[in-house]
Amino acid sequence: MSQEVCVRKGEAEKKIPAQRRAEIRDLLNRRGAASMAQIASSLGVSVSTVRRDLAELEKEGSIRRSHGGAAIVEHTTLEFRFKDRRRHHRAEKTRIGEYAVTLLEVGQSVIFDSSSTVLCAAEALRHRLLEVTAVTNDVNVASVLAEVPNVSVVVPGGEIREGSFTLLGPLLRNFLEGLHVDVAFLGAHAISGDALSESSLSVVEAKRAMIGAARRVVLLADHSKFRPPAFFEVARAGVIHDLITDDATPEKALEAMDARGGLRVHVV
484 MSQEVCVRKG EAEKKIPAQR RAEIRDLLNR RGAASMAQIA SSLGVSVSTV RRDLAELEKE
544 GSIRRSHGGA AIVEHTTLEF RFKDRRRHHR AEKTRIGEYA VTLLEVGQSV IFDSSSTVLC
604 AAEALRHRLL EVTAVTNDVN VASVLAEVPN VSVVVPGGEI REGSFTLLGP LLRNFLEGLH
664 VDVAFLGAHA ISGDALSESS LSVVEAKRAM IGAARRVVLL ADHSKFRPPA FFEVARAGVI
724 HDLITDDATP EKALEAMDAR GGLRVHVV
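Quick note: the sequence shown uses the numbering used here, first residue 484, plus one each step.
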């Protein structure tokens, strides 16, 4: 280890515990989960220091320790509570949602994922007046679509996810696995290279079922979603047909997403 690295690590170890733990919470909020080695490397501290900090954070209820690492407790994650998530990048999400509904045709069946950006697509459908059948596992999306003329709304069963209005669980998954729809509008917690990822296994299972049910999968994601991966991989870009994003998304991120070719990228 070089002298410079040793100095940096020594300085990091001298941070007050509250500061280190705040940085750990921030890291886990962004990634969903991380190993102790990853946390130690990111903060420039020893694994033993991380172990002590994780023990304290778990006592606070902020995180949940696992073998060799930790995950954020879902109700504290920066996959923000619904109202907070909607406020972030609102203009970009609105443009993405408005463009998404232009891809729909009369008579189609559409899955609306639980996502603040997909909600913007539901709101935009008010102005298109298309006759479609909508399936959603999001209570807010369902309430918006229920007020749109000519839209039939189907809400599967499931359990409400803490801190959100999302239906998840075996009932939802079994229902989706029996569907065959024209289009699925999908959101994502993180896009890294050509991989979509989520911080919750139950969300992963729901999204995979949505992908399997749809003939055309349309991913709605603003530039902030192109970031380090969350804990669980959902799918690779090969199963996505269209990506709708905003003009602040880096070109390199779009190239990585379409590394295999064939993805239709719409920048709005």
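Yeah, the Cβ is synthetic: ideal placement off N, Cα and C, and Gly gets one too.
- Message: Considering just the uninterrupted stretch of the alpha helix (DSSP H) at G552, what are its terminal residues?
- Response: Locating residue 552 in the sequence shown gives position 69, where the first residue counts as 1. Segment G552 to I555 is the beta strand (DSSP E) holding G552; no alpha helix (DSSP H) there.
- Residues bridged to T649 (per DSSP): Residue 649 sits at position 166 when you count from the first residue of the sequence shown. Paired residue(s): D621.
- Residue burial classification, A523 (beta-carbon count within 10 angstroms, cutoff 16): Within the sequence shown, numbered from 1, the residue matching residue 523 stands at position 40. It is buried - the Cβ of A523 has at least 16 other Cβ atoms within 10 Å.
- Rounded C-alpha distance that separates G670 from L510: In the sequence shown, residue 670 corresponds to position 187, counting from 1. In the sequence shown, residue 510 corresponds to position 27, counting from 1. The straight-line gap from Cα to Cα measures roughly 21 Å.
- Message: Whole angstroms are fine: how far does the CA of V700 sit from the CA of G661?
- Response: Position 178 of the sequence shown, counting from 1, holds the residue named residue 661. Position 217 of the sequence shown, counting from 1, holds the residue named residue 700. G661 and V700: Cα-Cα distance of roughly 17 Å.
- Go ahead and label A692 buried or exposed: buried means 16 or more other beta carbons lie within 10 angstroms of its beta carbon, across all protein chains shown. As a working mapping, residue 692 is identified with position 209 in the sequence shown. So A692 ends up on the buried side.
- Task: Taking 8 Å as the threshold, find out whether the stretch 596 to 611 comes into contact with the stretch 666 to 685 through three or more Cβ pairs.
- Result: yes
- Task: Identify, in the order they occur along the chain, each residue of the same chain with its Cβ nearer than 7 Å to the Cβ of M740, setting aside the five sequence neighbours on each side.
- Result: Within the sequence shown, the letter at position 257 stands for residue 740. Excluding residues within five positions, the ones whose Cβ falls inside 7 Å are I674, D677, A720, L726 and L746.
- At what residues does the beta strand (DSSP E) containing L737 begin and finish? If you number the sequence shown from 1, residue 737 lands on position 254. Counting along the chain, L737 falls outside any beta strand (DSSP E), though it belongs to the alpha helix (DSSP H) covering E734 to M740.
- Query: The alpha helix (DSSP H) spanning D596 covers which residue range?
  - Reply: What you label residue 596 is simply residue 113 of the sequence shown in a count that begins at 1. Segment: none, D596 is in no alpha helix (DSSP H) and carries neither H nor E.
- Look at the Cβ atom of L608, then the Cβ atom of V637, and state whether they are nearer than 8 Å. Working through the sequence shown from its first residue, we reach residue 608 at position 125. Working through the sequence shown from its first residue, we reach residue 637 at position 154. Cβ distance not < 8 Å, so L608 and V637 don't count as in contact.
- Nearest-angstrom Cα distance between P712 and H724? Here residue 712 corresponds to residue number 229 of the sequence shown, with the count starting at 1. Here residue 724 corresponds to residue number 241 of the sequence shown, with the count starting at 1. One C-alpha to the other measures close to 21 Å.
- Task: Under the assumption that V533 contacts I594 (Cβ atoms under 8 Å), give the Cβ distance between them as a whole number of angstroms.
- Result: Taking the sequence shown and counting its residues from 1, the one referred to as residue 533 is at position 50. Taking the sequence shown and counting its residues from 1, the one referred to as residue 594 is at position 111. In fact, because the Cβ distance is near 40 Å, the residues do not count as touching under 8 Å.
- Item | Environment of P632 [buried if 16+ CB atoms lie within 10 Å] | Here residue 632 refers to the residue found at position 149 when the sequence shown is read from its first residue. Exposed, because fewer than 16 other Cβ atoms sit within 10 Å of the Cβ of P632.
- Message: The alpha helix (DSSP H) that contains D729, what's its start and end?
- Response: Start at 1 with the first residue of the sequence shown, and residue 729 comes out as number 246. Counting along the chain, D729 falls outside any alpha helix (DSSP H), and DSSP gives it neither H nor E.
- What does V750 pair with, by DSSP beta-bridge criteria? The sequence position of residue 750 within the sequence shown is 267, counting from 1. BP columns for V750 point to T728.
- Give every residue of the same chain whose Cβ lies closer than 8 Å to the Cβ of P733, excluding the five residues on either side of it in the sequence, and list them in chain order. The residue labelled residue 733 in the question sits at position 250 within the sequence shown. Within the same chain, P733 has close Cβ partners H706 and F709.
- Item | Start and end residues, beta strand (DSSP E) containing S680 | Translated into the one-based positions of the sequence shown, residue 680 becomes position 197. Counting along the chain, the beta strand (DSSP E) containing S680 begins and ends at A678 to E681.
- DSSP on A501, reduced to helix/strand/coil? Within the sequence shown, numbered from 1, the residue matching residue 501 stands at position 18. Helix at A501.
- For D509, which three-state DSSP category applies? Locating residue 509 in the sequence shown gives position 26, where the first residue counts as 1. In the structure shown, D509 sits in a helix (DSSP, three-state: H, G or I).
- Task: Look at R504 and V528 and say whether their C-beta atoms are less than 8 Å apart.
- Result: Against the sequence shown, residue 504 aligns to sequence position 21. Against the sequence shown, residue 528 aligns to sequence position 45. For R504 and V528, no; Cβs fall outside 8 Å.
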